[in-house]
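Contents: one structure, followed by commentary.
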């Protein structure tokens, strides 16, 4: 019963906080993390991690990644393939290199530094979408390129994360399986993923409409989501990776919009808020002042690497400076994708507890700054500054 009381409190408080954060124009996930920090061991100590919270947050990650895959519009990526790929590659490569090297200068080991670079290669386009919609730029070439690049960014980030987890397991992490065997198993997994996207998911979703059961398509989608998460875990990947590709598979069926309408209330009503609160529960503020220089430097680099990397990629594809600024700033927000990557890496021992809180703080700060930078870029787009 104590967990039920805790869960009730978490959902009630996160709803209130999310309401006010949305009213203030701040991403609500930031408010949910702050609930975990304030109510957790870092400040008040009212809520602590339990087995049930761990289970709920794990389901939250899986459902959130499934929704991310579901929202990945591959047709948009195909339409703007060249500029989107240039923006995505530039926006991923620069953070990995620059923030990885900066982490090493702060004394981190090379593998952990590399993973920090991977965390900040992620993009959460949902925050940028809200700003682009406010300025009626969703259907512009800049807006469409940002959306297409975000799809490529998500897929690339998931693949890189998969490689790092494989390498960690191969180096003697939690798995005793040899690295060549792990790679072979994962190659089979990704081959099966292609079959799932191309043939199996459309067939199963079509079949579900013939079943005389309640919410059959949504249940079938959940089977695909959890089944792919289980298979990913079986081949030494994160379950979230499997859920993401299950989402992409369902997104390429006629049931896409119906499943999105079913999954979002399910996820955001219970599991996803628990995930973000759990991110705050893990954080510690004991050494915040000692880490202040690291946090400030990494926040600046988090903004600049996306701005220059993605914006530069856009300009190489023929966009002018103002458009490049819009596209680069549209890719700055890290949000839930970086938080999920950090959480998965923390659980896989790719990121130590010593730096986990600092990295989450940088993700939060970069996410809060992103919409303000994008708004500035969009105003310049409408009223260009001549040089």
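Residue numbers (our numbering): 1 to 387. No residue lacks a Cβ here, since even glycine has one placed at the ideal position from N, Cα and C.
| Check | Outcome |
| --- | --- |
| Quick check on residue 397: buried or exposed, where buried means 16 or more other Cβ atoms within 10 Å of its Cβ? | A query on residue 397 cannot be resolved here, the shown segment of the chain reaching from 1 to 387 and no further. |
| Where residue 90 and residue 49 are concerned, what is the direct C-alpha to C-alpha distance, given to the nearest angstrom? | 38 Å |
| Would the segment 248-257 count as touching the segment 316-330 if we require 3 or more Cβ pairs under 8 Å? | no |
| Reducing DSSP to helix, strand and coil, say where residue 201 ends up. | helix |
| Classify residue 65 as buried or exposed, calling it buried when 16 or more other Cβ atoms lie within 10 Å of its own Cβ. | buried |
| Answer yes if the segment 92-100 comes into contact with the segment 111-120, meaning at least three C-beta pairs across the two stretches below 8 Å, and no otherwise. | yes |
| Could you tell me whether the segment 283-293 touches the segment 350-362, where touching means 3 or more Cβ pairs closer than 8 Å? | yes |
| Tell me which residue opens and which closes the alpha helix (DSSP H) that residue 210 is part of. | Neither: residue 210 is in no alpha helix (DSSP H) and is coded neither H nor E. |
| Please indicate yes or no: does the CB of residue 33 lie closer than 6 Å to some heavy atom of the ligand MN? | With respect to the ligand MN, the structure offers nothing, as it holds no ligand at all. |
| On the three-state DSSP scale, how would you describe residue 71? | coil |
| Below 7 Å CB to CB, which residues in the same chain sit around residue 156 once its five sequence neighbours on both sides are set aside? | 88 and 92 |
| Between the C-alpha atoms of residue 124 and residue 143, what's the straight-line distance to the nearest angstrom? | 14 Å |
| Who are the Cβ neighbours of residue 150 in its own chain at under 6 Å, not counting the five residues just before and after it? | 123 and 125 |
| Would the segment 227-240 and the segment 13-28 be scored as touching if the rule is three or more Cβ pairs under 8 Å? | no |
| Figure out for me which residue from 211, 63, 26 and 349 has the closest Cα to the Cα of residue 222. | 63 |
| Please report the Cβ distance between residue 10 and residue 274, rounded to the nearest whole angstrom; I am assuming they are in contact, meaning their Cβ atoms lie under 8 Å. | 6 Å |
| For residue 110, which of helix, strand or coil comes out of DSSP? | helix |
| From what residue to what residue does the alpha helix (DSSP H) around residue 268 run? | Run containing residue 268: none; DSSP gives neither H nor E here. |
| Going by other Cβ atoms of all chains shown within 10 Å of its Cβ, with 16 needed for buried, is residue 139 buried or exposed? | exposed |
| What is the DSSP secondary structure of residue 263, counted as helix, strand or coil? | helix |
| I need the boundaries of the alpha helix (DSSP H) containing residue 243, first residue and last residue. | 239-251 |
| Measuring straight from C-alpha to C-alpha, what distance separates residue 17 and residue 268? | 14 Å |
| Look at the alpha carbon of residue 344 and the alpha carbon of residue 272, and state the distance between them as a whole number of angstroms. | 15 Å |
| For residue 181, which of 372, 166, 250 and 192 has the nearest alpha-carbon? | 166 |
| Whole angstroms are fine: how far does the CA of residue 280 sit from the CA of residue 43? | 10 Å |
| Mind checking which residues open and close the alpha helix (DSSP H) that includes residue 297? | 292-316 |
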